[in-house]
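Residue numbers (our numbering), protein chains in the order written: chain A, 1 to 239; chain B, 1001 to 1239. Taking it in order: structure first as structure tokens, then the write-up.
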């Protein structure tokens, strides 16, 4: 079986973002990323400086941990990162699905894998200008194609007006995909801090702005959702 | 056309609760209710003492207001209350649907109507012990039957352990319905106050307790979601 590079496995807690918001989930966070977003809120799983904290684990050990955390009761497993698409997750999914577990994955859509079609949900998060990254739309579409029958949704983080306009244009490319806009956290946790302070009022203010902004445009297609875990637990890790 | 008794029409703003959380919505809140929950957060639309604030409106005038607020761009209309099921909403739905608008309704499930099957979503919220009300399950099932092909979901407000255990038993009656648990607001707005203070920390604490409580029981079926509008705007009305 394949070896995965794991930053953390935690839960069950609720999914705090996007289409599965509120759903009890165990998170498997892979270490390593092909992006380096300016406002990354998971630097401990992205920045190579923290790779000493990533544990190479055999798939069966990852699976044993998921089963232990969930008390062997099937639930949704979220594969996140970093970019989980750069890791060999096929075996984990193939192990868990026959036991009734469901799998969702969060990725920026930069790397397509032939196992995406095993997922129950693929959350594609193309990164807006404020990230400092540039989306390769050809690769992004390869991800969509690879997902085949899996439910795909778009999730776009929005920090400012430029991001907002970009999100509108990006969403227009994929009019049939359910869309989730998410206000960004401009006070993400530094990777070495387990419980850094956040600017809660600023985060709430950006969320209110985004609600008003879409209403002003009469743009009613997107769901607009904050990072619920941030509202509930701040920047605390593992919840 | 029929006359509706309207407490307020407002939006677009995001749906703050349940299955459609985050979705831009215009709310049509009817005045009057056959229940009187102890912790009702919409007393201005429930308590007969406030009926002087309810406006009898012809359906076409209600519809004109919805179109005006939405700039004639179709979106989701949420029929709420009070109990909207005690009002003749058929004509409003039949007016809006051909224009592309979608209709969701929130009701406790005490009164069934033959127009429920015109809804895009019926949110049934059976009230737990802390409400002081008692659910008539035969009537509740009549509501489900009346909904026919409409998407139905269960939403249960939970204040305490007794409510939680009740919610588990209630959910077990309807294992195929998507389920949403919602921590209650023990500091609901008094009907005469437009922006009363709330105990935000207490509300967040109940949400965290509910996440932990379901995890402890390995009960992974429900979505657990707070009232997002309360987190964003407190008890302010009309958002």
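Ideal Cβ positions, reconstructed from N, Cα and C, are used throughout, including at glycine.
Item	Value
Could you check whether the Cβ of residue 1228/B sits closer than 9 Å to any Cβ belonging to chain A?	yes
Look at the Cβ atom of residue 1019/B, then the Cβ atom of residue 1178/B, and state whether they are nearer than 9 Å.	yes
Give the single residue among 1175/B, 1176/B, 1200/B whose Cα lies nearest to the Cα of residue 1183/B.	1200/B
Measuring alpha carbon to alpha carbon, tell me which of 1002/B, 1004/B, 1084/B, 1063/B ends up nearest residue 1101/B.	1063/B
At the level of alpha carbons, what is the spacing between residue 1017/B and residue 187/A?	26 Å
Go through the segment 1028-1064 of chain B residue by residue and report every complete run of the beta strand (DSSP E) that reaches 3 residues or more, in order.	1055-1058
Restricting to Cα atoms, I'd like to know which of 130/A, 109/A, 136/A is closest to residue 123/A.	109/A
Would you mind working out which of 227/A, 119/A, 33/A sits nearest residue 95/A, comparing C-alpha positions?	119/A
Are at least three pairs of beta-carbons, each pair with one atom in the segment 1067-1082 of chain B and one in the segment 218-232 of chain A, less than 8 Å apart?	yes
So, helix, strand or coil for residue 1131/B, using DSSP?	helix
Within the 9 Å Cβ cut-off, does residue 1220/B reach chain A?	yes
Note down, in chain order, each residue of its chain lying with its Cβ closer than 8 Å to the Cβ of residue 38/A, except the 5 sequence neighbours on either side.	130, 131, 132
Please list the partners that residue 1024/B has in chain A, where partner means a Cβ-to-Cβ separation under 7 Å.	214, 215, 220
Along chain A, in chain order, which residues have C-beta atoms closer than 8 Å to that of residue 1208/B?	232, 233
Under a CB-based cut-off of 9 Å, is residue 1012/B close to chain A?	yes
Report all residues from its chain with a CB closer than 6 Å to the CB of residue 1078/B; omit the five preceding and five following residues, and keep chain order.	1025, 1027, 1104
Do residue 229/A and residue 59/A come within 9 Å of each other at the CB atom, strictly closer than that value?	no
Tell me whether residue 1150/B sits in a helix, a strand or coil according to DSSP, three-state version.	coil
Please report the Cβ distance between residue 191/A and residue 61/A, rounded to the nearest whole angstrom; I am assuming they are in contact, meaning their Cβ atoms lie under 8 Å.	The pair is not a contact, with the Cβ atoms about 24 Å apart (cut-off 8 Å).
Compare the C-alpha of residue 1236/B against each of 1189/B, 1145/B, 1170/B, 1211/B and name the closest.	1189/B
Checking the sheet assignment: what are the DSSP bridge partners for residue 1229/B?	Answer by DSSP bridge pairing: none, since residue 1229/B is not bridged.
Please check if any C-beta of chain A sits within less than 9 Å of the C-beta of residue 1156/B.	no
Label residue 23/A either buried or exposed according to how many other C-beta atoms from any shown protein chain fall within 10 Å of its C-beta, with 16 as the threshold for buried.	buried
Does any residue of chain B bring its CB to less than 9 Å from the CB of residue 176/A?	no
Taking 9 Å as the threshold (beta carbon to beta carbon), is residue 1086/B in contact with chain A?	no
Relative to the C-alpha of residue 34/A, which residue among 121/A, 65/A, 52/A, 136/A is closest?	136/A
Is residue 81/A buried or exposed, if buried means 16 or more other CB atoms sit within 10 Å of its CB?	buried
Which stretch, first to last residue, makes up the beta strand (DSSP E) that contains residue 6/A?	3-14
Starting from residue 1223/B, find everything on chain A with Cβ-Cβ shorter than 7 Å and list it in chain order.	22, 23
Given a limit of 8 Å on CB to CB distance, which residues of the segment 1055-1075 of chain B reach chain A?	1070, 1071, 1073, 1074, 1075
Just the Cα atoms here: how many angstroms apart are residue 31/A and residue 1067/B?	49 Å
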